[in-house]
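Reading through the structure tokens given below for one structure.
In this note's numbering, the protein residues as written are 7 to 261.
Quick look at the structure:
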């Protein structure tokens with residue numbers, strides 16, 4: 007349970023989106039309610055508030071289950087994501103629909119402030135909002151997966167064409183229209199610009215000079231010599247930091 011809670015709390019964007027989604031739903035439902043029933047002499051907004059409050063409690067209870075289910079499918083079936091994800095979405099929507107139907111039936115038996123078409127109006131839209139939320143969650147997790155795929159650098163090592171994972175690079179040096187990618191095994195030459203590479207490799211690499219881009223994980227220290235500042239890499243190399251790039255954000259590089 008602790009592991010699940012930690013995983014979900016790390017997804018701040020997901021929870022921010024969920025809260026905004028709930029806010030939008032609340033505003034839309036209140037507006038629709040007023041447009042549909044506001045002309046009645048006996049119009050009372052409190053049933054809507056009660057319904058939305060119940061829906062909020064249920065949503066908070068089951069949203070982590072939706073998320074973890076789709077996340078599990080993303081990890082288990084990365085190449086066939088949409089087939090099992092669609093099945094999961096339809097299953098949860100059907101369960102929600104069945105639960106809503108049960109509540110709708112109970113409203114016909116009990117003395118509650120909303121019945122008949124009034125209750126169906128709410129539950130019908132709740133199912134639609136539920137479906138939309140699941141679809142957006144699926145798209146979010148799929149995009150997240152693509153965004154966390156390992157980054158690669160292609161070029162030539164001697165006369166051989168190679169492709170490496172970006173985290174294998176120690177630092178990158180601009181050389182006219184080419185870049186020199188320094189590795190433990192040698193230097194890869196690739197045709198690109200430092201600006202393009204900075205955009206591609208951010209935030210794993212940090213720009214320290216108009217000619218240098220450094221792997222954060224390779225930085226083990228820094229030193230100052232009069233007005234000049236240098237970074238010390240794990241290879242023992244010292245790279246000068248351009249004054250226009252000071253101060254450096256090294257919170258993820260040096261412990």
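Think of the CB as a built atom: it goes at the ideal place given N, C-alpha and C, for glycine as much as any other residue.
| task | Just the C-alpha distance for residue 189 and residue 167, rounded to the nearest angstrom, thanks. | result | CA-CA distance, residue 189 to residue 167, rounds to 15 Å.
| message | Given this structure, state the Cα-to-Cα distance separating residue 96 from residue 103, to the nearest angstrom. | response | For the pair residue 96 and residue 103, the Cα-to-Cα distance works out to about 10 Å.
| said: If I measure Cβ to Cβ from residue 144 and keep anything under 6 Å in the same chain, skipping five residues before and after, which residues do I get? | reply: Cβ neighbours of residue 144 beyond the five flanking positions: 76, 91.
| Beta-carbon separation (whole angstroms), residue 186 vs residue 200, contact threshold 8 Å | That belief does not hold up - the Cβ atoms of residue 186 and residue 200 are roughly 11 Å apart, past 8 Å.
| field | Own chain partners of residue 192 with C-beta closer than 7 Å, once the 5 adjacent residues on each side are dropped | value | The answer, listed in chain order, is 163.
| said: Would the region 202-211 count as touching the region 236-244 if we require 3 or more Cβ pairs under 8 Å? | reply: The region 202-211 makes no contact with the region 236-244, as fewer than three CB pairs between them are under 8 Å.
| Looking at C-alpha atoms only, which residue of 43, 31, 247, 71 is the closest neighbour of residue 217? | Nearest neighbour of residue 217 by Cα position, chosen from 43, 31, 247, 71, turns out to be 247.
| residue 252 and residue 212: beta carbons closer than 8 Å? | With respect to the 8 Å criterion, residue 252 and residue 212 are not classified as neighbours on the basis of their beta carbons.
| query | Which residues in the same chain as residue 250 place their Cβ atom closer than 6 Å to its Cβ, once the five residues preceding and following it in sequence are excluded? | reply | Here the set comprises nothing.
| Presumed contact (8 Å Cβ cut-off) between residue 20 and residue 73, rounded CB distance | The Cβ separation is near 7 Å, so the contact holds.
| Fully enclosed by the region 144-208, which beta strand (DSSP E) runs are 3 residues long or longer? | Taking only runs of at least 3 residues, the beta strand (DSSP E) segments lying wholly in the region 144-208 are 158-163, 166-171, 177-181, 184-188, 193-196.
| So which of 176, 182, 184 has the shortest CA-CA distance to residue 244? | Measuring from the Cα of residue 244, the nearest candidate turns out to be 176.
| query | DSSP beta-bridge partners for residue 234? | reply | Residue pairing by DSSP places residue 234 opposite 231 in a beta bridge.
| request: Just the C-alpha distance for residue 171 and residue 179, rounded to the nearest angstrom, thanks. | output: Residue 171 and residue 179 have their C-alpha atoms some 17 Å from each other.
| field | Per-residue DSSP class, three states only, for residue 217 | value | Coil.
| query | Looking at residue 148 and residue 222, is the spacing between their C-beta atoms short of 8 Å? | reply | No, these two residues do not count as a Cβ contact at 8 Å.
| request: Taking 8 Å as the cut-off, decide whether the C-beta atoms of residue 165 and residue 184 are in contact. | output: When the beta-carbon positions are compared, residue 165 and residue 184 stay at least 8 Å from each other.
| task | Report yes if the C-beta distance between residue 24 and residue 93 is below 8 Å; otherwise report no. | result | Contact flag unset, no.
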